[in-house]
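I have placed the structure first, in the form of structure tokens, so that the comments after it can refer back to it.
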Amino acid sequence: SDVYPKALASRQVDIAPLGGVNIRRYINQYGPEGASLLEHGLRDDPAHLYAPQWVLDDPAKAAALAEYVGLWARAIEWVNQNPETWIKEYYVGQQGLSREDGEYLVHLEGEQIVPADWSEVKKRHQETINLLAQELGYQPYSVEQIFDNRFEKLAAAALAKSQ
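In terms of our numbering, the sequence shown opens at residue 2 and continues consecutively.
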């Protein structure tokens, strides 16, 4: 969506989250007027799979999710190993982007990481939960309530099996 770039361009907001090619296009267009990026030092594109509890409680659906997690990890590995094909076939061929935009996105994403454990992810999420709870006047809760640890090792195991 281009809501954020338009809001920035029309000076409705001073700062907004941008992603993908919107970053490149915004800086190319408005950089000469002083537009810049704020570096935050974190990957802001983590992949999370959200599912309602009733899906996780259903053994067949949970098994399908487990299979998906393994396939997702192998797909990430393939993209990391085949960036030129990914640019040509996906970004240009499927998404209709220019080759330059595809190259920019591959560079922006860098090597995608499939974590073998979620300790750092959970730590960051708990910090976010605590901050938002404090600022919004809610009770914080444990990050363990929103992570299903049955899936933690599956992606790394799928990668190990495929090598």
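A virtual CB, placed ideally from N, CA and C, is assigned to each residue, including glycine. Remember, predicted model here, so these are calculated numbers, not experimental data.
How about Leu38 and Ile24: do their beta carbons lie closer than 8 Å?
yes
Quick one, which of Val144, Glu68, Leu155 and Glu85 has its alpha-carbon nearest Leu106's?
Glu85
Looking at C-beta atoms only, is the number of pairs between the region 114-123 and the region 131-140 that lie closer than 8 Å three or more?
For the pair of segments examined, the region 114-123 was found not to touch the region 131-140: the number of CB pairs separated by less than 8 Å stays below three.
Measure from the alpha carbon of His108 to the alpha carbon of each residue in Asp3, Ala10, Pro6 and Gly20, then state which is nearest.
Gly20
Could you check whether the region 150-162 touches the region 57-76, counting it as contact only if at least three pairs of C-beta atoms, one from each stretch, sit closer than 8 Å?
yes
Rounded to a whole number of angstroms, what is the C-alpha to C-alpha distance between Trp55 and Asn150?
Going by the C-alpha atoms only, they are around 16 Å apart.
Beta carbon of Pro18, beta carbon of Tyr5: below 8 Å?
The answer is yes: Cβ separation under 8 Å.
Cβ neighbour criterion (16 or more within 10 Å) applied to Gly103
buried
Of the listed residues Glu145, Ala10 and Ala67, nearest to Gly32 (C-alpha basis)
Ala10
Note the first and the last residue of the continuous alpha helix (DSSP H) segment covering Tyr31.
Val22 to Tyr31
Within the same chain, show all residues whose beta-carbon is closer than 7 Å to that of Asn81, passing over the 5 residues directly before and after it, in chain order.
Glu112 and Gln113
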